[in-house]
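Novice:
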Amino acid sequence: MELERDNSGDERGCETMELSEEEDALADEFLELARAGARPDPEQYLSKLPASEARLRPILEGAALFSGEVERFKREHPGTSIFEWLCRGEEGTKGERERRT
Amino acid sequence: MDDAQLVAGALAGKAECYDELYRRYRGRVQGWMTSTGMPGPEAEDRAQKVLAAVCRKLAQFDPSRAMFGTWVYGFVRNELFSYWREHGRHPEPDSLDESAEECIPSDTDGPETVHERRQVQEGVRELVCLLPAKLREPVVLFWFKEMTVAEIARLLKRPDSTVRDQLKEAMRELRKLIATRPDLAAMR
Chain B
874 MELERDNSGD ERGCETMELS EEEDALADEF LELARAGARP DPEQYLSKLP ASEARLRPIL
934 EGAALFSGEV ERFKREHPGT SIFEWLCRGE EGTKGERERR T
Chain X
446 MDDAQLVAGA LAGKAECYDE LYRRYRGRVQ GWMTSTGMPG PEAEDRAQKV LAAVCRKLAQ
506 FDPSRAMFGT WVYGFVRNEL FSYWREHGRH PEPDSLDESA EECIPSDTDG PETVHERRQV
566 QEGVRELVCL LPAKLREPVV LFWFKEMTVA EIARLLKRPD STVRDQLKEA MRELRKLIAT
626 RPDLAAMR
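Here the protein sequences line up with chains B and X, keeping their order. Just so it is clear: in the first sequence, position 64 is 937 by the working numbering, and no numbers are missing. Just so it is clear: in the second sequence, position 77 is 522 by the working numbering, and no numbers are missing.
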């Protein structure tokens, strides 16, 4: 996914703007789908509320990119809980312990 | 045995259940603390304190209300707040490399495993570490612990709407981080 970098000034201004109820609901839905690994398409979602693109694009693209990284982690570390990995102690995660043995 | 069974055993006076719970959670509790930027030795001391409190209050754990790990995490958060109050701020890692090294043991893993971890560190781990502290916690709990917004709000004692806003703010931050980091360009 290529990012549009030339509107960063606009993004900064938008951070303090509250989202409308409709925008909020759309972003929430996108986040849920992205977390579930459903790979929702930001452009498709943005087309639902074209007037809100400036506010929504950074959120949806951020979620899509981050979701992609999470999916990569899951592919490369099958059986490993990413939460446990991030918070890992010396013993490693259950999945990693099982693979070691 | 799962955690709830171990708790039941510990409450019934079985010392081995206490030992197993302690063994399971010692590293996790310490890891949760270091993941917020707390220095290793400090995290070790405070992890002991947390585990002592968990043992003292074990009878208060209600498996119908929360997973044991989530319940323990509540103690960790209290200790983190105490640490942050004492230090006057949320700790941020001085160096991403140092922060990551604290979480990644190197003495027991082969080069391939270390290389794999390094790759992930440059992705998910680094991105999470780069987020402001107030956003990091909701992101980790939502994306990786797969908690609902309502569960996160209850745990963090923040309104649902605040958690939702923070998750969205975090996505904006992540997009900016990715856009301004050429070393993360492979993620696109």
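We treat Cβ as the ideally placed atom computed from N, Cα and C, and that holds for glycine.
Give the list of continuous alpha helix (DSSP H) stretches no shorter than 4 residues that lie fully inside the region 462–514 of chain X.
Specialist: Taking only runs of at least 4 residues, the alpha helix (DSSP H) segments lying wholly in the region 462–514 of chain X are 485–501.
Novice: Give me the Cα-Cα distance between V608 (chain X) and A936 (chain B), rounded to the nearest whole angstrom.
Specialist: About 15 Å.
Novice: Determine whether the Cβ of P913 (chain B) lies closer than 8 Å to any Cβ atom of chain X.
Specialist: For P913 (chain B), the answer is no, since every Cβ of chain X falls outside 8 Å of its Cβ.
Novice: Can you confirm whether V517 (chain X), when its beta carbon is compared against all beta carbons of chain B, has any partner nearer than 8 Å?
Specialist: So no, V517 (chain X) is outside the interface.
Novice: Starting from E934 (chain B), find everything on chain X with Cβ-Cβ shorter than 7 Å and list it in chain order.
Specialist: Those are R620, listed as they occur along chain X.
Novice: Could you check if S893 (chain B) is buried or exposed, using at least 16 other CB atoms within 10 Å of its CB as the buried criterion?
Specialist: Burial call: exposed.
Novice: Does the separation of the CB atoms of R491 (chain X) and E524 (chain X) fall below 8 Å?
Specialist: Result yes, Cβ atoms of R491 (chain X) and E524 (chain X) sit closer than 8 Å.
Novice: Taking C-alpha atoms, which residue in X:V594, X:G454, X:Y470 lies nearest to Q611 (chain X)?
Specialist: When only C-alpha atoms are compared, the closest one is X:V594.
Novice: Assuming E591 (chain X) is part of the alpha helix (DSSP H), what are its boundary residues?
Specialist: Per DSSP, E591 (chain X) belongs to no alpha helix (DSSP H) and is neither H nor E.
Novice: Below 9 Å on C-beta distance, what does F587 (chain X) contact in chain B?
Specialist: Result: L904, R908.
Novice: For P931 (chain B), decide whether its Cβ has a neighbour in chain X, counting only Cβ atoms nearer than 8 Å.
Specialist: Chain X, which has a Cβ nearer than 8 Å to the Cβ of P931 (chain B), makes this yes.
Novice: Using the beta-carbon count (16 or more within 10 Å), is L456 (chain X) buried or exposed?
Specialist: So L456 (chain X) ends up on the exposed side.
Novice: On the criterion of 16 or more Cβ atoms from any shown chain inside 10 Å, does R473 (chain X) qualify as buried, or is it exposed?
Specialist: Flag for R473 (chain X) reads buried.
Novice: Looking at S925 (chain B) and E905 (chain B), is the spacing between their C-beta atoms short of 8 Å?
Specialist: No.
Novice: Buried or exposed: where does G458 (chain X) fall if 16 or more other Cβ atoms within 10 Å of its Cβ makes it buried?
Specialist: Its Cβ having fewer than 16 others within 10 Å, G458 (chain X) is exposed.
Novice: How far does the alpha helix (DSSP H) with K947 (chain B) in it extend, from its first residue to its last?
Specialist: Taken as a continuous stretch (DSSP letters only), the alpha helix (DSSP H) holding K947 (chain B) covers 926–949.
Novice: Give me the Cβ distance between F513 (chain X) and F506 (chain X), rounded to the nearest whole Å; I'm assuming they're in contact under 8 Å.
Specialist: 6 Å between Cβ atoms; contact.
Novice: Can you pull the chain X neighbours of A898 (chain B), defined as C-beta to C-beta under 9 Å?
Specialist: Chain X residues near A898 (chain B): none, gap ~10 Å exceeds 9 Å.
Novice: Less than 8 Å between the beta carbons of R908 (chain B) and L919 (chain B), yes or no?
Specialist: No, the Cβ-Cβ distance between R908 (chain B) and L919 (chain B) is not below 8 Å.
Novice: If you run the structure through DSSP and keep just helix, strand and coil, what is M446 (chain X)?
Specialist: Reduced to three states, the DSSP call for M446 (chain X) is coil.
Novice: Would Q450 (chain X) be called buried (16 or more neighbouring beta carbons within 10 Å of its own) or exposed?
Specialist: Q450 (chain X) is exposed by the Cβ-count criterion.
Novice: Looking at chain B, is there any beta carbon in it that lies within less than 8 Å of the beta carbon of K494 (chain X)?
Specialist: Not an interface residue.
Novice: Kindly say whether M446 (chain X), judged by its beta-carbon, lies nearer than 8 Å to any beta-carbon of chain B.
Specialist: Not one chain B Cβ lies under 8 Å of M446 (chain X).
Novice: Do you know how far the Cα of E591 (chain X) is from the Cα of V452 (chain X)?
Specialist: The alpha-carbon atoms of V452 (chain X) and E591 (chain X) are separated by roughly 23 Å.
Novice: Between the C-alpha atoms of C462 (chain X) and G454 (chain X), what's the straight-line distance to the nearest angstrom?
Specialist: The alpha-carbon atoms of C462 (chain X) and G454 (chain X) are separated by roughly 6 Å.
Novice: Less than 8 Å separating the beta-carbons of R620 (chain X) and E934 (chain B)?
Specialist: Yes, Cβ-Cβ distance for R620 (chain X) and E934 (chain B) is below 8 Å.
Novice: Going straight from the alpha carbon of R530 (chain X) to that of A900 (chain B), what length do you get?
Specialist: Rounded to whole angstroms, R530 (chain X) to A900 (chain B) spans 34 Å at the Cα level.
Novice: Could you spell out the range, first to last residue, of the alpha helix (DSSP H) harbouring A900 (chain B)?
Specialist: From DSSP, the alpha helix (DSSP H) with A900 (chain B) extends over 894–908.
Novice: Report the residue from B:E949, B:R945, B:F939 whose alpha carbon sits nearest the alpha carbon of V584 (chain X).
Specialist: Of the candidates B:E949, B:R945, B:F939, the one whose C-alpha sits nearest the C-alpha of V584 (chain X) is B:F939.
Novice: By the three-class DSSP mapping on this structure, what secondary structure does G519 (chain X) have?
Specialist: In the structure shown, G519 (chain X) sits in a helix (DSSP, three-state: H, G or I).
Novice: How long is the line joining the alpha carbons of R510 (chain X) and K494 (chain X), rounded to whole angstroms?
Specialist: Straight-line Cα distance between these residues: approximately 24 Å.
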